[in-house]
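Have a look at the structure below, then the notes.
2 protein chains.
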Amino acid sequence: MFSKSTVKYIQSLQHKKFRDESNSFVAEGPKVVGELLQACIFNCLNIYGLQDWVAALHPAIKKEAGGRIVIVRDFELEKLSALSQPNQVVAVFEKKQSAHVAFEGKISLVLDDIQDPGNLGTIIRIADWFGVQQIACSLKTADMYNPKVVQSTMASLARVNIVYTDIAELLRKTAVKKYAAALNGGDLANHGKLAEGIVIIGNESKGISEKILALSDEKITIPRIGEAESLNAGVATGIILYALV
Amino acid sequence: MFSKSTVKYIQSLQHKKFRDESNSFVAEGPKVVGELLQACIFNCLNIYGLQDWVAALHPAIKKEAGGRIVIVRDFELEKLSALSQPNQVVAVFEKKQSAHVAFEGKISLVLDDIQDPGNLGTIIRIADWFGVQQIACSLKTADMYNPKVVQSTMASLARVNIVYTDIAELLRKTAVKKYAAALNGGDLANHGKLAEGIVIIGNESKGISEKILALSDEKITIPRIGEAESLNAGVATGIILYALV
Numbered sequence: 025m026f027s028k029s030t031v032k033y034i035q036s037l038q039h040k041k042f043r044d045e046s047n048s049f050v051a052e053g054p055k056v057v058g059e060l061l062q063a064c065i066f067n068c069l070n071i072y073g074l075q076d077w078v079a080a081l082h083p084a085i086k087k088e089a090g091g092r093i094v095i096v097r098d099f100e101l102e103k104l105s106a107l108s109q110p111n112q113v114v115a116v117f118e119k120k121q122s123a124h125v126a127f128e129g130k131i132s133l134v135l136d137d138i139q140d141p142g143n144l145g146t147i148i149r150i151a152d153w154f155g156v157q158q159i160a161c162s163l164k165t166a167d168m169y170n171p172k173v174v175q176s177t178m179a180s181l182a183r184v185n186i187v188y189t190d191i192a193e194l195l196r197k198t199a200v201k202k203y204a205a206a207l208n209g210g211d212l213a214n215h216g217k218l219a220e221g222i223v224i225i226g227n228e229s230k231g232i233s234e235k236i237l238a239l240s241d242e243k244i245t246i247p248r249i250g251e252a253e254s255l256n257a258g259v260a261t262g263i264i265l266y267a268l269v
Numbered sequence: 025m026f027s028k029s030t031v032k033y034i035q036s037l038q039h040k041k042f043r044d045e046s047n048s049f050v051a052e053g054p055k056v057v058g059e060l061l062q063a064c065i066f067n068c069l070n071i072y073g074l075q076d077w078v079a080a081l082h083p084a085i086k087k088e089a090g091g092r093i094v095i096v097r098d099f100e101l102e103k104l105s106a107l108s109q110p111n112q113v114v115a116v117f118e119k120k121q122s123a124h125v126a127f128e129g130k131i132s133l134v135l136d137d138i139q140d141p142g143n144l145g146t147i148i149r150i151a152d153w154f155g156v157q158q159i160a161c162s163l164k165t166a167d168m169y170n171p172k173v174v175q176s177t178m179a180s181l182a183r184v185n186i187v188y189t190d191i192a193e194l195l196r197k198t199a200v201k202k203y204a205a206a207l208n209g210g211d212l213a214n215h216g217k218l219a220e221g222i223v224i225i226g227n228e229s230k231g232i233s234e235k236i237l238a239l240s241d242e243k244i245t246i247p248r249i250g251e252a253e254s255l256n257a258g259v260a261t262g263i264i265l266y267a268l269v
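The listed protein sequences correspond, in order, to chains A and B. Under this note's numbering, the first residue of the first sequence carries the number 25, and numbering increases by one thereafter. Under this note's numbering, the first residue of the second sequence carries the number 25, and numbering increases by one thereafter.
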């Protein structure tokens with residue numbers, strides 16, 4: 025059982041404003057919630073799960089989550105869920121503090137206003153696939169706690185350190201080489217693997233802003249053989265990381 | 025001006041059943057419609073455009089389209105459009121006949137039940153970027169004439185030959201080498217460029233079906249350095265084509 029204000033609070037987490045105010049976000053479904061609980065990186069605030077889901081929970085997790093687990097019935101879960109087909113559990117997690125950003129000795133991503141949560145989710149999964157553990161996002165980049173991002177990235181969200189900041193200032197302060205993904209740069213295929221570097225990915229329609237471009241050391245381009253005008257931002261990120269990491 | 029039945033007909037083209045029955049599909053907005061008109065591959069059946077858009081149309085295209093252009097007003101365009109913000113023009117095109125599929129001497133893609141129109145659109149753009157001119161889709165793959173695919177691929181839709189067919193039968197009949205994108209195959213990075221080959225991409229959640237896997241000659245895998253469980257189907261296609269083409 026839960027109150028009307030709980031329903032209102034959880035529904036409000038669909039919106040960035042309320043996620044920011046409450047410093048929390050929502051995750052749904054046994055796979056996503058299970059992975060986030062196991063990753064132990066986000067502090068779990070509340071779990072609303074069906075009897076069967078709670079019964080099947082790992083004893084260690086159940087013990088740790090303890091009093092924060094509320095067993096709900098189907099019709100109650102429906103009230104809390106934002107999915108068209110509610111799936112066993114809705115959980116609220118605390119956002120994590122962003123760790124300090126250090127570019128030395130590793131490959132990092134910088135996102136300049138990636139707007140679509142779907143693209144952001146794809147990029148986080150790609151980073152996690154290629155072992156890139158740090159993403160610095162411009163302040164206008166889609167929110168990593170947007171439910172679409174949470175549902176699509178699962179535990180990758182916990183494994184990659186994602187920071188929202190003034191990326192121009194951040195780039196100005198570091199001597200690590202900055203590679204801008206652009207349509208008119210040097211051929212990516214001529215690049216060897218990198219041990220250290222910052223890969224900058226731009227907005228879906230505008231690309232990288234002039235200001236950020238001016239701060240980069242080198243433009244890199246995925247060789248085009250056919251005629252398509254552009255590649256999706258996520259696809260471009262995947263190809264560049266495959267080539268450089 | 026146009027009749028109520030025109031409105032009904034154009035709205036019906038949001039659904040595959042009616043696209044199949046009428047052998048036509050709809051495209052919207054100056055960029056998409058402009059590119060499709062210029063590509064001259066899809067026969068244009070009707071164009072409903074705002075006065076300004078029609079006035080700015082290239083004289084040669086205007087002459088050719090002739091009587092099929094109807095000038096409409098804002099409130100009329102709204103009735104025809106499926107977009108939340110109707111954008112200057114809605115046009116109906118005839119589907120094209122699929123050309124014959126021949127695998128020899130080139131790189132082709134085979135899609136085994138790609139379900140999401142967004143992913144299909146991304147894959148078509150990637151194919152066009154890398155000069156892959158042929159995609160054979162299983163009969164359960166998303167429809168290439170789905171408005172989401174049309175809007176996101178633009179002229180790539182016209183440049184790539186896309187065929188819907190029994191892909192098992194097609195693969196059985198050819199001796200060209202078949203590469204299956206899988207999670208447990210040989211390292212993609214050990215592969216050189218190919219002059220000829222068929223790259224098979226599987227369903228977003230199930231991967232490539234057993235039946236199709238059994239018909240492939242080699243499994244290839246994108247090397248994983250981090251921990252993400254999988255890559256998006258479009259991203260995987262992009263990386264594989266970058267490496268092989």
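C-beta: ideal position from N, C-alpha, C; glycine also. The model shown is predicted, which means the values in this text are computed figures rather than measured ones.
Going by DSSP, which residues form a beta bridge with residue i?
| i | result |
| --- | --- |
| K172/B | The partner list for K172/B (beta bridge, DSSP) is empty, contrary to what the question assumes. |
| C161/A | L135/A, Y188/A |
| F49/A | F117/A |
| C68/A | F117/A |
| T245/B | D211/B |
| N227/B | G231/B |
| L74/B | V96/B |
| G216/B | In the DSSP output, where bridge partners are listed per residue, G216/B has none listed. |
| A270/B | Past the boundaries of the shown model lies residue 270/B; chain B is included only from 25 to 269, so the question cannot be answered. |
Taking residue i as the reference, give the member of the options with the closest Cα.
| i | options | result |
| --- | --- | --- |
| Q157/B | P247/B, S180/B, L135/B | S180/B |
| E253/A | L268/A, E242/A, K230/A | K230/A |
| Q112/B | E251/B, V56/B, L239/B | V56/B |
| C161/A | T177/A, W153/A, A192/A, Q175/A | A192/A |
| I85/B | G142/B, C68/B, I244/B, V96/B | C68/B |
| K217/A | S176/A, S240/A, V269/A, I186/A | V269/A |
| S122/B | N227/B, D241/B, S29/B, V184/B | V184/B |
| D98/B | P110/B, R92/B, L61/B, T30/B | P110/B |
| L60/B | T189/B, A205/B, V114/B | V114/B |
| D137/A | K235/A, M25/A, E242/A | K235/A |
| A166/B | Q139/B, V174/B, G155/B, K172/B | Q139/B |
| V78/B | L195/B, F66/B, A63/B, P54/B | P54/B |
| F66/B | I147/B, Y169/B, A213/B, G90/B | Y169/B |
| Q175/B | T198/B, Q38/B, K202/B, G90/B | Q38/B |
| E128/B | G221/B, F49/B, E88/B | G221/B |
| V31/B | E102/B, S48/B, R43/B, N208/B | E102/B |
| R248/B | Y188/A, L265/A, L104/A | L265/A |
| E118/A | D76/A, F42/A, F26/A | F42/A |
| G155/A | G250/B, F26/B, A213/B | G250/B |
| T198/B | S105/B, V134/B, P171/B | V134/B |
| P141/B | P171/B, S132/B, I34/B, T245/B | P171/B |
| E228/B | A206/B, N70/B, Q35/B, D211/B | A206/B |
| V173/A | S46/A, Q35/A, A51/A, F26/A | A51/A |
| A278/A | V125/A, I159/A, S36/A | Residue 278/A falls outside the range modelled here, since chain A spans only 25 to 269, and no answer is possible. |
| I147/B | G209/B, G226/B, I246/B, G73/B | G226/B |
Where do the ends of the alpha helix (DSSP H) carrying residue i lie?
| i | result |
| --- | --- |
| A151/A | 141 to 153 |
| I264/A | 257 to 268 |
| I85/B | 83 to 89 |
| K32/A | 28 to 36 |
| S180/A | 180 to 183 |
Note the first and the last residue of the continuous beta strand (DSSP E) segment covering residue i.
| i | result |
| --- | --- |
| A252/A | Taken as a continuous stretch (DSSP letters only), A252/A belongs to no beta strand (DSSP E), as it is neither H nor E. |
| V57/B | Unbroken run through V57/B is the alpha helix (DSSP H), 54 to 63; no beta strand (DSSP E). |
Give the interface partners of residue i over in chain B, defined as CB-CB distance under 7 Å, in chain order.
| i | result |
| --- | --- |
| D152/A | G250, E251, A252 |
| G262/A | L255, V259, G262, I263 |
| S180/A | A252 |
List the residues of chain A whose Cβ lies closer than 9 Å to the Cβ of residue i, in chain order.
| i | result |
| --- | --- |
| R183/B | G250, E251, A252 |
| R149/B | A252, E253, S254, L255, N256, V259 |
Can you pull the chain A residues whose beta carbon is under 7 Å from the beta carbon of residue i, in chain order?
| i | result |
| --- | --- |
| V269/B | I249 |
| T189/B | The contacting residues do not exist; T189/B stays about 22 Å from chain A at best. |
| T146/B | N256, V259 |
Show which residues of chain A have a CB atom less than 8 Å away from the CB atom of residue i.
| i | result |
| --- | --- |
| I246/B | W153, Y266 |
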